[in-house]
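Enquirer: One structure, as structure tokens, below. Some questions next.
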Amino acid sequence: MKDTLRAILFDFDGVLADSEPIHLEMFQRVLKEEGIALSRDDYFQKYLGLDDRSCFAQVYKDGGKEPASGKIDDLIRRKNQALLAHVRGKSVLMPGAAELVLSLKGKYFLTIVSGALKSEIVAILEGAGLSQAFHAIVAADDVSQGKPHPEGFESAIRILNRDFVPPAEILLPRECLAVEDSPWGIEAAKKAGVLCVGLTTSYEASRLNEADLIASGPGSIPWNKVEALFS
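Each residue of the sequence shown is one higher than the one before, starting from 1292 at the first, in my numbering.
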């Protein structure tokens, strides 16, 4: 039986928002205050696909340090405040992202599944006038396990079925497409049973070889090939 594409599940940083360099800068700023250096190479090689909690915890672990009780929560709060102040009033979307979202709005169920905090996602979407384009946002604060665990994607599909999909037309994972920019995100999508487009905005194509399709950015996704995946 032929499957039909019905929902698109977007990662956020590096897919819709050109915010990975901003996250790096804020991580570096907060960690420097703790006497910890984080290089650009280390961030992109080791930590980019992690949510804030996992990133800070792993940086401490890799440095042979044990954070004091409550320290990780404090670091997340400080980094979040710095990022919100940085993006306020600015457009930080990837080229072609707004046009893509608006072209898909009304045709598919649209969600965001991201390791970023919801407040950061909402602030950037509101600044771009896209906050009403998505049916749901599943952020780091909504899940107990970040990517590469599939919880975020499973949660997004569950929310769509609960709040938006008629009971007689239940949405299945194989009717969804994920758009990701990291190996961890692609792994999470595949574990959830979702086909995936990998964007080379953060990693070379060779790092994204588990994706079903690869494109250079949100405005370059070959939708004829996407449709072929569901035929």
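Just so you know, even glycine gets a beta-carbon here, dropped at the ideal spot from N, CA and C.
Measuring straight from C-alpha to C-alpha, what distance separates M1385 and V1392?
Expert: 11 Å
Enquirer: If you follow the beta strand (DSSP E) that L1421 is part of, which residue opens it and which one closes it?
Expert: That residue, L1421, is in no beta strand (DSSP E); it is neither H nor E in DSSP.
Enquirer: Does G1437 come out as helix, strand or coil in the three-state DSSP assignment?
Expert: If DSSP states are grouped into helix, strand and coil, G1437 belongs with coil.
Enquirer: Can you list, in chain order, the residues of its chain whose CB lies under 8 Å from that of L1451, leaving out five sequence neighbours each side?
Expert: A1298, F1400, T1402, H1426, A1427 and L1462
Enquirer: Answer yes if the region 1339-1352 comes into contact with the region 1437-1454, meaning at least three C-beta pairs across the two stretches below 8 Å, and no otherwise.
Expert: yes
Enquirer: On the CB-based measure, 16 or more other CB atoms within 10 Å of its CB, does K1481 come out buried or exposed?
Expert: buried
Enquirer: Check each candidate in D1332, E1460 and A1496 and name the one with the smallest Cα separation from I1477.
Expert: Ranking the options by Cα distance to I1477, first place goes to A1496.
Enquirer: Who are the Cβ neighbours of C1467 in its own chain at under 6 Å, not counting the five residues just before and after it?
Expert: These residues qualify, in order along the chain: A1298, L1300 and V1485.
Enquirer: Which residue or residues does DSSP assign as beta-bridge partners of V1299?
Expert: According to the sequence shown, residue 1299 is Ile rather than Val. DSSP lists L1401 and L1468 as partners of I1299.
Enquirer: Taking 7 Å as the limit between beta carbons, can you name the residues of its chain near G1354, skipping five residues before and five after?
Expert: Within the same chain, I1327 come within 7 Å of G1354 by CB-CB distance, once the 5 residues on both sides are set aside.
Enquirer: Less than 9 Å separating the beta-carbons of S1345 and G1397?
Expert: no
Enquirer: Threshold first: 3 residues or longer. Then list the beta strand (DSSP E) segments lying entirely within the region 1471-1502, N to C.
Expert: 1486-1490
Enquirer: Please state whether DSSP places V1306 in a helix, a strand or coil.
Expert: V1306 carries a coil assignment under DSSP once its states are collapsed to helix, strand and coil.
Enquirer: Can you check whether the CB of I1412 is closer than 9 Å to the CB of F1335?
Expert: no
Enquirer: So, S1382 versus A1419, is the Cβ gap smaller than 9 Å?
Expert: yes
Enquirer: In its own chain, which residues sit with a C-beta less than 6 Å from the C-beta of F1347, not counting the 5 before and 5 after it?
Expert: I1363 and L1366
Enquirer: Buried or exposed: which applies to S1310, given that a residue is buried once 16 or more other Cβ atoms fall within 10 Å of its Cβ?
Expert: So S1310 ends up on the buried side.
Enquirer: Excluding five sequence neighbours on each side, which residues of the same chain lie with their C-beta closer than 7 Å to the C-beta of L1248?
Expert: Past the edges of the chain, shown from 1292 to 1522, lies residue 1248, and the structure says nothing about it.
Enquirer: Can you tell which of K1370, A1479 and S1473 has the C-alpha that lies nearest to the C-alpha of L1490?
Expert: S1473
Enquirer: Can you name the start and end residues of the alpha helix (DSSP H) that A1519 belongs to?
Expert: W1514 to L1520
Enquirer: Quick one: using the 10 Å Cβ neighbour count with 16 as the cut-off for buried, is A1447 buried or exposed?
Expert: Buried is the call here.
Enquirer: May I ask which residues mark the beginning and end of the beta strand (DSSP E) holding L1504?
Expert: L1504 to A1506
Enquirer: Flag this pair as yes or no: are the beta carbons of G1443 and V1470 separated by less than 9 Å?
Expert: no
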